[in-house]
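J.:
Numbering (the working numbering), first residue to last: 35 to 751.
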């Protein structure tokens, strides 16, 4: 049975941003709703602009019953051109990838998005001329190579009214003062200095205008090899040890050049290994971590698990879910990256040794490891403004090639790699393991990952500070008031209203206690014991873990088959590292001190909110962390209202700006993947297909089964 919503005569027009132009449109397009696997859907208009692809129907009007988490720039049925991953056409029930010029036009269009949404549009009832225009337009504007200045970023910046200043306490690191402030904050200004050698980009276009080097490094040394071979400061630990990074010399050099470069490096190493500097340990990330190609391959396999066309496909893959997940190698890459960050933290914290991260350009894996180390060791980086400043310092100003790595211009697939997404996945592991330590939530990380593909912010759309500068001040881009200013993604008010922004802040964040000795002991939080099952034997404390005795038998019997496989595949860390790791995990957690992630076996989990939010079958109505969050926010509102009453009764004057808290009513009806899944997105399928239940009943020994249960954070099933 096909349920068709009759089209109305009412004309629906797209909401266009400043600088946004309507390029092509098609009426009588039928959008499928594939929640229940039927052909239900709605008629509407499909449009393509220089910013987005949008589907407009009668329901496009705001609905008061929907949760108050709405993006003001990108709607539920909007896809920015940079967010389009692949487009398929359906010809006689066969899918075909659409690229370039088309000889025949499909009867159905399937758009896979980089944020893992899947859109199905039926074009059977659309006029032939409109089908040609809309399909050709969408494929051309979203899939073909384009020039940088053709990005909507420039159209918006030149047409938008006065840009809001979105610094919001975020240090942008585009001035010398910002670097000096950071040196002072970390007490690194005794041994390190901010330099202006690269003003006018006379050293290198890949380096930022300002950066920090050891005081003993001369200007001549920096200029000699365009900044290569120079240790650049990232961060200083409380004990004086520092984290540094370096661009390696190119390997394809003749002998005489290699000898000169080796002599130069030896001189640099000797200089920074003498007092007052600590001992130096070098870490070549190119050899100790997966290559960018390996990361891209793993993520490409991984995301295919979540680009689900319909319920049938979901249940077909669900039976082999864990083996498919393991075969992608994505979680193993996350584990290896976290393990490397812990090793670096051990050198800095326990061995008081400087660590020099080396990579060919020092703008990819160096960014990941240095950021993770700072999140783990510096509680300032776990606040929202501190984390944003960290991204600015290490990634945006640090020269990570967002334009190439995200393939925003569709120039070359070989440079594409989800390096920044890898960092966010690693940070999420820490956020879900130690929620009170972070001022921001997993929802914040999810919308930050979505913002990678919103080209009204300059933050993630340039390869370097130099590339941004020359395109900001270019004569062709000047308007009457002079060169325009790009928006920064850190101004969250551009995308969300205050009520929606409440979801980005963690209501359970344990703020740093005041330095009062009498309160210091009570402010400490007790270590929260893990409830999921460890797969490696580590030195445990004398106390037994919560439910430990009860789970011992379960571990041996249910997970027995695959335990050996996991342990053998993971290289055991050296004894000093293991001792450091186990020692830390045997003590109570100080949420404002060092944080070490749990990296053994199933401790590395799938970021359910980001990857499963569009799959109704994977949602748990009335469950997950959202039920807890709803109750906490209700209590916070109650406490706030009581505070106001108390202040009024005590005549202490009117209370200042009381921050409104979004209350989530009817929490039992919310999905576990709220705020991204709407209330009505419920699956009509059972939690397990009938065939699977039958298999479970017939199976006497669960150990013989191919797949076992591994905890995904309580939000998978």
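Even for Gly, the Cβ is constructed at its ideal location relative to N, Cα and C.
Between 153, 287, 265 and 654, which has its C-alpha nearest residue 300's C-alpha?
T.: Out of 153, 287, 265 and 654, 265 has the C-alpha closest to the C-alpha of residue 300.
J.: Quick check for students: name the residue ranges of the beta strand (DSSP E) that lie wholly in the region 238-274, counting only runs of 3 or more.
T.: If we require 3 residues or more, the beta strand (DSSP E) runs fully inside the region 238-274 come out as 245-248 and 266-270.
J.: Return the residue from the list 239, 182, 66 and 112 that minimises the CA-CA distance to residue 158.
T.: The shortest C-alpha separation from residue 158 is found at 66.
J.: Near residue 294, which residues of its chain fall below 7 Å by C-beta distance, leaving aside the five closest residues on each side in sequence?
T.: Closer than 7 Å at Cβ, skipping near neighbours: no residue.
J.: So for residue 613, helix, strand or coil by DSSP?
T.: Correct three-state label for residue 613: helix.
J.: Taking DSSP as the reference, what is the three-state secondary structure of residue 374?
T.: Correct three-state label for residue 374: helix.
J.: Shortest alpha-carbon distance to residue 279 belongs to which of 248, 308, 290 and 309?
T.: Cα-wise, what sits closest to residue 279 is 248.
J.: Quickly, what does DSSP pair residue 145 with across the bridge? List them, please.
T.: For residue 145, which the question treats as bridged, DSSP gives the partners 121 and 153.
J.: Taking the beta carbon of residue 48 as the centre, do at least 16 other beta carbons fall within 10 Å, making it buried, or is it exposed?
T.: Buried.
J.: Using the rule of at least 16 other Cβ atoms within 10 Å of the residue's Cβ for burial, across every protein chain shown, is residue 383 buried or exposed?
T.: Answer is buried; the Cβ neighbour count reaches 16.
J.: Is it buried or exposed, residue 609, if we count other Cβ atoms within 10 angstroms and call 16 or more buried?
T.: Exposed, since its Cβ has fewer than 16 Cβ neighbours within 10 Å.
J.: Do residue 364 and residue 336 have their C-beta atoms closer together than 8 Å?
T.: Their beta carbons are under 8 Å apart, which means residue 364 touches residue 336 by this criterion.
J.: Whole angstroms are fine: how far does the CA of residue 136 sit from the CA of residue 371?
T.: Each residue's Cα considered, the two are about 43 Å apart.
J.: State the DSSP-derived secondary structure class of residue 503, mapped to helix, strand or coil.
T.: Residue 503 falls in the helix class under three-state DSSP.
J.: Report the three-state DSSP secondary structure of residue 393 (helix, strand or coil).
T.: DSSP places residue 393 in strand when its eight states are reduced to three.
J.: Between residue 499 and residue 219, what straight-line distance do the alpha-carbon atoms span, to the nearest angstrom?
T.: Computed Cα separation, rounded: 24 Å.
J.: Candidates 192, 168 and 164: which alpha carbon is nearest residue 507's?
T.: Of the listed residues, the one whose Cα sits closest to residue 507 is 192.
J.: Compute the Euclidean distance between the alpha carbons of residue 115 and residue 167, then round it to the nearest angstrom.
T.: Straight-line Cα distance between these residues: approximately 16 Å.
J.: Just curious, the alpha helix (DSSP H) that residue 336 is in, first and last residue?
T.: Per DSSP, residue 336 belongs to the alpha helix (DSSP H) from 326-338.
J.: What did DSSP end up calling residue 428 once you bin it into helix, strand or coil?
T.: Helix, per DSSP.
J.: Quick test of your reading: residue 129 and residue 144, contact by CB under 8 Å. State the CB separation rounded to the nearest angstrom.
T.: The Cβ separation is near 7 Å, so the contact holds.
J.: Just to confirm the assignment: which complete alpha helix (DSSP H) runs, minimum length 4, are found wholly within the region 168-244?
T.: Runs of the alpha helix (DSSP H) inside the region 168-244: 186-193 and 210-219.
J.: What is the DSSP secondary structure of residue 78, counted as helix, strand or coil?
T.: Of the three classes helix, strand and coil, the one that applies to residue 78 here is strand, per DSSP.
J.: Run the CB neighbour count on residue 749, radius 10 Å, all protein chains shown included, and call it buried at 16 or more, exposed below.
T.: Here residue 749 scores only 41 on pLDDT, less than 50, and its place in the model is too uncertain to base an answer on.
J.: Check residue 406 in the structure and name its three-state DSSP category.
T.: Correct three-state label for residue 406: helix.
J.: Apart from the five residues on each side of it in sequence, which residues of its chain come closer than 7 Å, Cβ to Cβ, to residue 542?
T.: For residue 542, where only same-chain residues beyond five positions count, the Cβ hits under 7 Å are 469, 470 and 666.
J.: When burial is assigned at 16 or more other CB atoms within 10 Å of the CB, is residue 636 buried or exposed?
T.: Under this definition residue 636 is a buried residue.
J.: Residues in the same chain with beta-carbon distance under 6 Å from residue 479, minus the five sequence neighbours each way, listed in chain order, please.
T.: Closer than 6 Å at Cβ, skipping near neighbours: 458 and 462.
J.: Taking 7 Å as the limit between beta carbons, can you name the residues of its chain near residue 614, skipping five residues before and five after?
T.: 380 and 384.
J.: Based on the DSSP secondary-structure assignment, which residues constitute the bridge partners of residue 58?
T.: For residue 58, which the question treats as bridged, DSSP gives the partners 82.
J.: Identify the residues that DSSP records as bridge partners of residue 114: which are they?
T.: Its beta-bridge partners are 86.
J.: With DSSP collapsed to three states, give me the class of residue 450.
T.: Note: residue 450 maps to coil in three-state DSSP.
J.: Nearest CA to the CA of residue 368: which residue from 679, 226, 632 and 113?
T.: For the residues 679, 226, 632 and 113, the minimum Cα distance to residue 368 belongs to 632.
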